[in-house]
Amino acid sequence: MSTAAAAPAQDPASALPVTRLDWPPLALIPAIALAALPLVGSLPTWVTLTVAGLAMGMMIFMMASGLTLVFGLMDVLNFAHGVFISVGAYGAATVLTRMTRQMQAESLASDLSAMVPAVLAAIALAGLLGWFFERVLIRPVYGDHLKQILITMGGLIVFEQAIHVVWGPDIIPLPRPGTITGAFIIGEAAIERYRMAAVIVGLVVFAAMWLLLNRTRIGLLVRAGVENPEMVESLGYRIRRLFVGVFVAGSGLAGLGGAMWAMYQEQVNAQMGAQMLVVIFIVVIIGGLGSVGGCFVGALLIGLATNYTGYLAPKLALGSSILIMVLVLLWRPRGLYPIGRA
Amino acid sequence: MPEPMLALSGVNTHIAQYHILHGVAFEVPRGGLTMLLGRNGAGKTTCLRTVMGLWRASAGSIRIDGHDVSRATTPDVAQLGVAYVPENMGIFAGLTVRENLLLAARSGAPDARRLEWIFGLFPAMQKFWNALAGNLSGGQKQMLAVARAIIEPRKLLLVDEPTKGLAPAIIANMVEAFRELKRTDTTMLVVEQNFNFARSLGDTVAVMDSGRIVHTGGMDALAADGALQTRLLGLSLDSHQ
Numbered sequence: 202m203s204t205a206a207a208a209p210a211q212d213p214a215s216a217l218p219v220t221r222l223d224w225p226p227l228a229l230i231p232a233i234a235l236a237a238l239p240l241v242g243s244l245p246t247w248v249t250l251t252v253a254g255l256a257m258g259m260m261i262f263m264m265a266s267g268l269t270l271v272f273g274l275m276d277v278l279n280f281a282h283g284v285f286i287s288v289g290a291y292g293a294a295t296v297l298t299r300m301t302r303q304m305q306a307e308s309l310a311s312d313l314s315a316m317v318p319a320v321l322a323a324i325a326l327a328g329l330l331g332w333f334f335e336r337v338l339i340r341p342v343y344g345d346h347l348k349q350i351l352i353t354m355g356g357l358i359v360f361e362q363a364i365h366v367v368w369g370p371d372i373i374p375l376p377r378p379g380t381i382t383g384a385f386i387i388g389e390a391a392i393e394r395y396r397m398a399a400v401i402v403g404l405v406v407f408a409a410m411w412l413l414l415n416r417t418r419i420g421l422l423v424r425a426g427v428e429n430p431e432m433v434e435s436l437g438y439r440i441r442r443l444f445v446g447v448f449v450a451g452s453g454l455a456g457l458g459g460a461m462w463a464m465y466q467e468q469v470n471a472q473m474g475a476q477m478l479v480v481i482f483i484v485v486i487i488g489g490l491g492s493v494g495g496c497f498v499g500a501l502l503i504g505l506a507t508n509y510t511g512y513l514a515p516k517l518a519l520g521s522s523i524l525i526m527v528l529v530l531l532w533r534p535r536g537l538y539p540i541g542r543a
Numbered sequence: 011m012p013e014p015m016l017a018l019s020g021v022n023t024h025i026a027q028y029h030i031l032h033g034v035a036f037e038v039p040r041g042g043l044t045m046l047l048g049r050n051g052a053g054k055t056t057c058l059r060t061v062m063g064l065w066r067a068s069a070g071s072i073r074i075d076g077h078d079v080s081r082a083t084t085p086d087v088a089q090l091g092v093a094y095v096p097e098n099m100g101i102f103a104g105l106t107v108r109e110n111l112l113l114a115a116r117s118g119a120p121d122a123r124r125l126e127w128i129f130g131l132f133p134a135m136q137k138f139w140n141a142l143a144g145n146l147s148g149g150q151k152q153m154l155a156v157a158r159a160i161i162e163p164r165k166l167l168l169v170d171e172p173t174k175g176l177a178p179a180i181i182a183n184m185v186e187a188f189r190e191l192k193r194t195d196t197t198m199l200v201v202e203q204n205f206n207f208a209r210s211l212g213d214t215v216a217v218m219d220s221g222r223i224v225h226t227g228g229m230d231a232l233a234a235d236g237a238l239q240t241r242l243l244g245l246s247l248d249s250h251q
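Chains A and B, in that order, are what the protein sequence lines are. The opening residue of the first sequence carries number 202 in our numbering; numbering runs sequentially from there. The opening residue of the second sequence carries number 11 in our numbering; numbering runs sequentially from there.
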């Protein structure tokens with residue numbers, strides 16, 4: 202539904218405290234990239250690392266964006282978010298491993314005929330699991346952070362074991378479709394096709410989320426609910442239904458991110474979601490709880506920093522993420538784009 | 011005698027282990043403005059929140075326009091045509107003025123004539139139409155909170171301390187707005203600490219103390235009785251002239 206409303210006769214734009222774009226957090230992205238250039242030394246290597254960092258950032262964004270909305274809107278600490286990532290990855294793998302013929306055809310249409318159902322399966326499976334989690338595990342512990350941590354950690358462990366029961370304990374190799382395998386060369390820089398594809402998918406997801414949140418009534422409700430759920434209820438809206446919708450959508454996005462991440466890693470295992478959880482929480486905190494824009498910027502910062510550090514000082518890769526989080530919180534204690542929660 | 015718009019009977023409210031409202035009973039007549047007065051901590055805000063369903067009454071009955079809402083959820087109460095302006099105004103700081111009003115118009119885009127009427131009451135809303143609500147001054151935020159509550163016709167308006175912390179010029183604007191609202195069909199229950207504001211607008215009054223209703227009646231009678239004011243409220247309206 203469109204949120205367009207009749208504008209008043211007088212254009213008020215000239216009259217007021219103008220809302221300016223908060224650009225300093227955005228400027229951090231090119232700043233980190235440019236700061237890394239002299240350290241890396243080689244322009245082609247820097248280009249390769251930058252594209253890899255952006256791709257990684259986009260995939261982290263897909264995995265983290267649902268969690269930040271759940272955090273912001275529902276005030277739920279969901280440590281089981283990792284299992285949605287793993288289940289999404291397994292869902293995609295289940296489809297892709299049955300469609301090897303289409304994936305080896307070296308045609309985009311053929312690859313898409315395998316990847317689209319795989320991605321849809323990932324989203325649907327993770328979304329379904331998210332619905333189950335909200336109904337059965339999360340609903341009884343709304344408002345109690347300690348119980349949320351305990352029950353979602355328990356849920357994570359139980360469902361990781363359930364993955365072993367359903368798909369077996371072994372790592373599942375996951376070959377990429379032919380058209381997004383390999384690299385193309387620009388100048389002397391080698392750019393992996395899959396990473397470019399990940400950047401494009403990430404941008405599409407971000408644009409879709411931005412449009413949904415800023416151009417629809419549902420998005421308006423979600424943004425208002427993140428700030429002050431009680432007031433949204435006082436306006437006559439049933440926030441619980443919104444909670445369920447956001448939880449399922451957030452789980453589905455985690456499933457999409459898991460599918461992308463699995464194809465990036467070319468393998469699937471039950472712990473892959475839990476392994477990403479620390480980075481995802483860092484991104485959510487850096488961005489500001491509940492802020493999708495902040496989550497996007499934070500994910501790109503972490504993606505870039507991890508790749509540059511991984512090249513320059515591999516043992517410090519995770520440390521760089523924590524260092525960025527500390528620096529950001531010293532600068533903006535509530536994250537890059539804090540939401541004014543009531 | 012017509013049924014009151016709001017009737018509370020024997021309402022008790024507990025918040026955690028604290029017993030806040032003790033058998034609260036009073037009525038808000040249709041079409042008028044009832045002031046709910048009392049010292050700080052008397053239970054006025056709890057009373058409004060209990061009516062709104064934000065805190066559940068542990069005993070007693072709450073009826074709005076003939077409907078029993080004692081066990082109703084907040085959205086159910088709101089959908090009966092009740093609007094609520096909380097003490098902290100409850101505006102969505104990250105949304106624009108336009109978006110705040112749009113969200114409150116549950117039936118779709120706000121009616122253009124209604125919008126013009128609101129702009130007449132609160133010109134700042136038109137001026138700051140596309141501004142982030144968080145950038146508004148305290149008075150403008152209060153105007154937005156009231157404007158949001160009346161963006162569609164409501165049966166009952168619950169307002170918690172609309173003049174709190176506002177400059178005298180803004181309070182005068184607020185008084186005019188409430189006078190205009192009184193000309194509509196809307197019934198209002200307003201919690202207020204500013205006695206002059208209460209006296210200038212109130213038709214009836216209920217006074218609370220320690221979670222109980224200790225006085226109900228006409229506002230004129232209370233305004234004319236300095237001794238009663240001192241006994242109920244701790245000070246006389248005359249001292250606020």
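Note that CB positions come from ideal geometry on N, CA and C, so glycine has one too.
Rounded to whole angstroms, what is the Cα-Cα separation between residue i and residue j?
{"i": "F272(A)", "j": "S492(A)", "result": "10 Å"}
{"i": "I339(A)", "j": "V284(A)", "result": "14 Å"}
{"i": "A294(A)", "j": "L321(A)", "result": "12 Å"}
{"i": "V479(A)", "j": "I358(A)", "result": "16 Å"}
{"i": "F102(B)", "j": "V433(A)", "result": "9 Å"}
{"i": "A216(A)", "j": "L46(B)", "result": "Note that A216(A) scores a pLDDT of 42, beneath 50, so its modelled location is shaky and nothing firm can be said."}
{"i": "A233(B)", "j": "R209(B)", "result": "6 Å"}
{"i": "F205(B)", "j": "T214(B)", "result": "13 Å"}
{"i": "A256(A)", "j": "G403(A)", "result": "8 Å"}
{"i": "A207(A)", "j": "L146(B)", "result": "Because the pLDDT at A207(A) is just 47, under 50, the model does not fix this residue reliably, and the point stays unresolved."}
{"i": "V107(B)", "j": "A141(B)", "result": "6 Å"}
{"i": "A253(A)", "j": "A399(A)", "result": "9 Å"}
{"i": "A69(B)", "j": "R222(B)", "result": "14 Å"}
{"i": "A119(B)", "j": "L112(B)", "result": "6 Å"}
{"i": "Y512(A)", "j": "P239(A)", "result": "13 Å"}
{"i": "I128(B)", "j": "A228(A)", "result": "41 Å"}
{"i": "M484(A)", "j": "V38(B)", "result": "As written in the sequence, residue 484(A) is Val, which differs from the Met given in the question. Approximately 51 Å between the Cα atoms of the pair."}
{"i": "T204(A)", "j": "L125(B)", "result": "Model confidence at T204(A) stands at a pLDDT of 40, short of 50, so the residue's coordinates are unreliable; what they give is reported in the following sentence. The alpha-carbon atoms of T204(A) and L125(B) are separated by roughly 16 Å."}
{"i": "D219(B)", "j": "N22(B)", "result": "14 Å"}
{"i": "G48(B)", "j": "L58(B)", "result": "13 Å"}
{"i": "K516(A)", "j": "M477(A)", "result": "17 Å"}
{"i": "S178(B)", "j": "G456(A)", "result": "Looking at the sequence shown, residue 178(B) is not Ser but Pro. Approximately 56 Å, taken between the alpha carbons."}
{"i": "M202(A)", "j": "T417(A)", "result": "Low confidence applies here, because M202(A) scores a pLDDT of 36, under 50, leaving its location unreliable; read the following figure in that light. Looking at the two C-alpha atoms, the distance is approximately 6 Å."}
Could you tell me whether the Cβ atoms of residue i and residue j are closer together than 8 Å?
{"i": "V288(A)", "j": "I364(A)", "result": "yes"}
{"i": "E190(B)", "j": "L131(B)", "result": "yes"}
{"i": "M300(A)", "j": "M461(A)", "result": "no"}
{"i": "P172(B)", "j": "V200(B)", "result": "yes"}
{"i": "A500(A)", "j": "G331(A)", "result": "no"}
{"i": "G292(A)", "j": "A323(A)", "result": "yes"}
{"i": "Y438(A)", "j": "V241(A)", "result": "no"}
{"i": "L414(A)", "j": "V405(A)", "result": "no"}
{"i": "G63(B)", "j": "A93(B)", "result": "no"}
{"i": "I74(B)", "j": "A114(B)", "result": "no"}
For residue i, which residues from the same chain have a beta carbon less than 8 Å from its beta carbon, with the 5 sequence-adjacent residues on both sides left out?
{"i": "E467(A)", "result": "P374, L375, P376 and R377"}
{"i": "I25(B)", "result": "T56 and W65"}
Kindly list the residues whose CB is nearer than 7 Å to the CB of residue i, restricted to its own chain and excluding five residues on each side of it in sequence; keep chain order.
{"i": "Q305(A)", "result": "G379"}
{"i": "A390(A)", "result": "P245, V248 and T249"}
{"i": "I486(A)", "result": "M526 and G536"}
{"i": "G42(B)", "result": "T197, D213 and T214"}
{"i": "G388(A)", "result": "P245"}
{"i": "T348(A)", "result": "Thr is not the amino acid found at residue 348(A); the sequence shown has Lys there. Taken in chain order, the residues that qualify are V342."}
Relative to the C-alpha of residue i, which candidate in the options has its C-alpha closest?
{"i": "A315(A)", "options": "Y538(A), I324(A), Q303(A) and I525(A)", "result": "Q303(A)"}
{"i": "V185(B)", "options": "V87(B), I161(B), G212(B) and G227(B)", "result": "G212(B)"}
{"i": "A67(B)", "options": "Y94(B), A35(B), G227(B) and G244(B)", "result": "A35(B)"}
{"i": "L90(B)", "options": "H225(B), P133(B), Q152(B) and R116(B)", "result": "R116(B)"}
{"i": "R123(B)", "options": "D75(B), P163(B) and G48(B)", "result": "P163(B)"}
{"i": "C496(A)", "options": "Y538(A), A327(A), I392(A) and V447(A)", "result": "Y538(A)"}
{"i": "E13(B)", "options": "V224(B), G76(B) and A52(B)", "result": "G76(B)"}
{"i": "R96(B)", "options": "R193(B), L167(B) and G244(B)", "result": "Before going further, note that residue 96(B) is Pro rather than Arg in the sequence given. The residue with the shortest Cα to Cα distance from P96(B) is L167(B)."}
{"i": "G344(A)", "options": "D276(A), W368(A) and L297(A)", "result": "D276(A)"}
Starting from the C-beta of residue i, find all residues in its chain whose C-beta is less than 6 Å away, skip the five residues before and the five after it, and write them out in chain order.
{"i": "T544(A)", "result": "For chain A, the structure presents residues 202 to 543; residue 544(A) sits outside this window and is missing."}
Any beta-carbon of chain E closer than 8 Å to the one on residue i?
{"i": "S435(A)", "result": "In the structure shown, chain E cannot be found, because the protein chains are A and B."}
Exercise for review: Would you list, in sequence order, the uninterrupted alpha helix (DSSP H) runs of no fewer than 4 residues that lie entirely inside the stretch 212-242 of chain B?
Suggested key: 229-234
Exercise for review: Could you tell me which uninterrupted beta strand (DSSP E) segments, each at least 3 residues in length, are contained entirely in the stretch 123-149 of chain B, listed from first to last along the chain?
Suggested key: none
Check your understanding: What beta strand (DSSP E) runs, 3 residues minimum, are completely inside the stretch 81-120 of chain B?
Key -> 92-95
**Study point:** Segments of 4+ residues assigned as alpha helix (DSSP H) that fall wholly inside the stretch 14-41 of chain B
**Key:** none
Exercise for review: Can you check the stretch 384-461 of chain A for any beta strand (DSSP E) of at least 3 residues that lies completely inside it and give the ranges in chain order?
Suggested key: 384-387 and 390-393
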